[in-house]
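Here the sequence shown is numbered in full-length UniProt numbering, starting from 1 and rising by one per residue.
For reference, the structure is listed below as structure tokens.
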Amino acid sequence: MAKNFEELLVLKKTALRYLIARESRLLALGKRPINKKIANFVRTQEGNTAWTSFLDTLNEDLTRNIHIFEWKVSGGHKHCNMIKRVPVCESVINYKIPISGGRMSESPLVTVEQGQLQGRIVNSPSGKAFYSFQGIPYAKPPLGSLRFKAPKPAETWEGIRDATAEGNIAPQIDTSLTKTYTGDENCLYLNVYTPHIAGNLPVMIWIHGGAFKWGSGNETLYGPDYLVEKDVVVVTLNYRCGPLGFLCLNTPEVPGNAGLKDVVQALRWLKQNIKSFGGDPDNFTVFGQSAGGAIVTILTASPLSKNMINKAIVQSGTGISKWAVQNEPLTCAKALASHLGCEADNVDEVLEFLNTVTAKELVEATEIVNSFDSLVVDQNNFFSVVVEKEFPGVEAVLTEPLLDFLTSGRTAEIPIMIGSTTLELLTNLRPSDLQMFIPSDLNIEKDSDESLAIAENLKGLYFTSDTEENKAEGLNRLHSDLLLNININRYIKYLVQNSNQPIYFYKFDYVGQFNFAHKSFFDTELKYALHMDDLGYLFKNDFQKDVDDPSPQDVKMRERMVRLWTNFAKFGNPTPEENHYLPTKWLPVTNDTLYYLNLGQELNLLQNPDEEIMKFWEDLYSKHFKIWEHTKINTIEPPRKLVYPDNEATEEQASIDDGQPSLEEKVVFEEIVPISSVLNPPVNGDAKSNADFKPKISNEIKMAQTSAPKDVVRASDPPEDDLPKNIGVNKFVNFYESLGGKK
């Protein structure tokens, strides 16, 4: 029996994949080429009286299907059943249907500079298979003498390394209700997800947020499924957080920004190796949210990284925000050492002491001494980005404030997408004096005539009525503007003035079942999108497990978001052509018009969001703001007295309207819902049951063998617990087709 058969894979509107097996001897008997009949059937899905088809289901969940064909050959022969005739039944039944075509290996094996990696095959919720390579070390473990220091290149290994499970996350305090310590110092791992190993696909590299203190690239929050379905390679990664990643002693040994240098090292590793995963090393889109967005803006300016980035997406955060910059690194380092029992003033002694402390002690102490949540506007974020001092032979990510790079046009000349959610942040704060919201970098003296006039203007701009509901919403908007939106607008302004590349601005204004913050943190009836809400429409995450039947509009919104983001990664243009899902052409910002795409129930191209408010802040900054004079030194302001959590605030609250103090309530700064706290995801992705979560860690090295490595886990069918959970769209394409014509 001849074994010459062809695999034909066709993608049409329905995005179904068909495997056509044929036997050359049967084709030779037909009056007309049978392969043309089969191809015509696949293209048109119209039946033919000469032959029929039947569906062979490969999985009980109906996620992967193969059409096997019967036909009537010439000469009156009876029907020939391909399953019986072709002795490849087992191969056909075990065939994996990839997103980008071609036969998928049951045991994907790739070779990188350091050695070989064994991955696995997983299925997206719609049943599309892709390759997963997890827990890949991109740098040498930052242990022992490497603590607090820039990463070293990854070491080679012998044999085949198991890449079927995620690596350790950075040491941190779980942000769920449990507030427990988790992670490991050996945390410099990345994950690569690809639809096709033999390709040259755009690469999207995700930088997680978490106020520089928490988070990881793990799929509990950042599942790549929906993005990979659009024929891009997705990379997620871990970097060192908190003091381990951002301690700065202003010395050549510990100049700061080790966490940023981790990301730079990951980009270098990917430049060398992404071709092995089907990625294009010359087509990198770096995207991130919150602190991750701030990191992206810094990477596009840093001489160490900007030439490795081809496009950037910045979500709800920039590096020119005060919370992103650590202005007093020595003060912060000594405060941490003092809390742990070292009162030394000499930085060498401080470093020697901190190297003797466990990672758990460092992280837990940081949570105590960090006054980040109590300063409201002028966030003193311990252990974040610093402007590094220059030392001979020492690489630095940032030796000048990011604003200097922006205003002088020294950022990467690349297309950028940038935006925020409708409201971003919530606060329970009810201050008696709006002067507290005037940023200190404007250098306006409190209680001066100008300061009082600004406070009165804020009242008129943000509080349009006397109702408690309006006061709460006004404070939420003011808080969100000060921490995020003002600087996003400033960042865009400087880019447009000093760059010829397109800048696409958006506002995420959608509330649905996949809104991340609404599901994760808030019992709120507010119909505004909050910080992180957009992430649920880009990534599959554990918070979606209980969404059994998402609404057609939610599914449509997710499809729109994924298309916009992946189109940008592919073309540098989120709407290269208009279609059912993207009926609106997204125009870039110009010097004259701040165009933005409002991502709501519909996609609307609008202009100048919150124009009056943003014009007020723009005029205020134009009049008062001075670019930092000490561009080479990161201690920009004189050290301020540290505020510890047990120093209870005593300022009395009052009505915004009449300024009369309320004796029943006091300002409790800890009630703020800041960018650094509640709005950062639980590390393990489940705010209700983190105590029971046991992360799956596998960084073992499997030794090479002369034959097929039997000791390496083969992931032809991943364990049920590892499979992506169906979130309500079994018939991905048919479900979308049913939306046809709906707006």
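Glycine included, C-beta positions come from ideal geometry on N, C-alpha and C.
Asked, Found
"In the DSSP assignment, the beta strand (DSSP E) including THR421 goes from what residue to what residue?", "416-421"
"Which runs of the alpha helix (DSSP H) fall wholly inside the stretch 449-530 and span at least 4 residues, in chain order?", "449-462, 468-480, 486-498 and 516-520"
"How would you label ASP542, buried or exposed, when you count the other beta carbons within 10 angstroms and need 16 or more for buried?", "buried"
"CYS241 and ALA170 look like a contact to me (Cβ under 8 Å); what is the Cβ gap, rounded to whole Å?", "5 Å"
"How far does the alpha helix (DSSP H) with ALA396 in it extend, from its first residue to its last?", "Neither: ALA396 is in no alpha helix (DSSP H) and is coded neither H nor E."
"Measuring alpha carbon to alpha carbon, tell me which of ASP592, ASN591 and ARG560 ends up nearest LYS585.", "ARG560"
"Along the chain, where does the alpha helix (DSSP H) that runs through PHE353 open and close?", "347-354"
"How would you call PHE391, buried or exposed, if buried means at least 16 neighbouring beta carbons within 10 angstroms?", "exposed"
"Per the contact definition of three or more C-beta pairs closer than 8 Å, is the stretch 445-465 in contact with the stretch 590-604?", "no"
"Rounded to whole angstroms, what's the CA-CA distance from LYS710 to LEU109? Just pull it up for me.", "Confidence in LYS710 is poor, its pLDDT being 35 and thus under 50, which makes the residue's placement too unreliable to answer from."
"Count the CB pairs spanning the stretch 609-617 and the stretch 475-494 that are closer than 8 Å, and state whether there are at least three.", "yes"
"At a threshold of 6 Å, does GLY278 count as lining the ligand ATP (C-beta to nearest heavy atom)?", "With respect to the ligand ATP, the structure shown offers nothing to examine, as it has no ligands at all."
"Could you give the distance in angstroms between the alpha-carbon of LEU208 and the alpha-carbon of GLY259?", "The sequence given here places His at residue 208; Leu does not occur at that position. Rounded to whole angstroms, HIS208 to GLY259 spans 12 Å at the Cα level."
"Going by C-alpha to C-alpha distance, which of PRO439, ALA266, ALA324 and TYR226 sits closest to TYR189?", "ALA266"
"Do LEU582 and TYR596 come within 7 Å of each other at the CB atom, strictly closer than that value?", "no"
"At the level of alpha carbons, what is the spacing between GLU367 and CYS187?", "20 Å"
"Excluding the 5 residues flanking PHE277 on each side, which residues of the same chain have their C-beta closer than 8 Å to its C-beta?", "VAL110, TYR131, PHE133, VAL192, THR194, ILE197 and VAL233"
"Does the stretch 560-578 come within contact of the stretch 407-425, defined as at least 3 CB pairs closer than 8 Å?", "yes"
"I need the boundaries of the alpha helix (DSSP H) containing TRP269, first residue and last residue.", "258-273"
"Give me the residue from ASN200, LYS446, LEU221 and LYS623 with the minimum Cα distance to TRP206.", "LEU221"
"Quick check on the DSSP output: the alpha helix (DSSP H) that includes residue 810 runs from which residue to which?", "Since the displayed the chain opens at 1 and closes at 743, residue 810 lies outside it and no answer follows."
"In or out: ASP554 buried (at least 16 other Cβ within 10 Å) or exposed?", "buried"
"Comparing C-alpha positions only, which one of THR421, LEU478, LEU482 and GLU456 sits nearest to ASP441?", "LEU482"
"Would you check if the distance between the CB atom of GLY256 and the CB atom of VAL386 is smaller than 7 Å?", "yes"
"Taking only three categories from DSSP, how would you classify LYS311?", "strand"
"Under 8 Å, with one C-beta from each stretch per pair, do the stretch 153-172 and the stretch 347-356 reach the 3-pair mark?", "no"
"Alpha carbon to alpha carbon, how far is ASN370 from ASP231? Give it in angstroms, no decimals.", "43 Å"
"Please classify GLU328 as buried or exposed, where buried requires at least 16 other C-beta atoms within 10 Å of its C-beta.", "buried"
"Sorted by chain position, which residues of the same chain lie with C-beta nearer than 6 Å to GLN289's C-beta, five sequence neighbours on each side aside?", "GLY209, GLN315 and SER316"
"Is it the case that the Cβ atoms of LYS545 and GLY223 are separated by a distance below 7 Å?", "no"
"If you drop the 5 nearest sequence neighbours on each side, which residues of the same chain put their C-beta closer than 8 Å to that of LYS527?", "VAL511"
"Straight-line CA distance for SER716 to PRO137?", "Reliability fails at SER716, whose pLDDT of 29 lies under 50, so the model's placement of it is uncertain and the value that follows must be treated cautiously. SER716 and PRO137: Cα-Cα distance of roughly 24 Å."
"So, with DSSP's three-state summary, where would you put MET532?", "coil"
"Please classify ILE444: does DSSP put it in a helix, a strand, or coil?", "coil"
"How long is the line joining the alpha carbons of THR178 and ASP534, rounded to whole angstroms?", "25 Å"
"Beta-carbon within less than 7 Å of VAL254's beta-carbon, same chain only, minus the 5 sequence neighbours each way: which residues are those?", "PHE148, LYS149, LEU247, CYS248 and LEU351"
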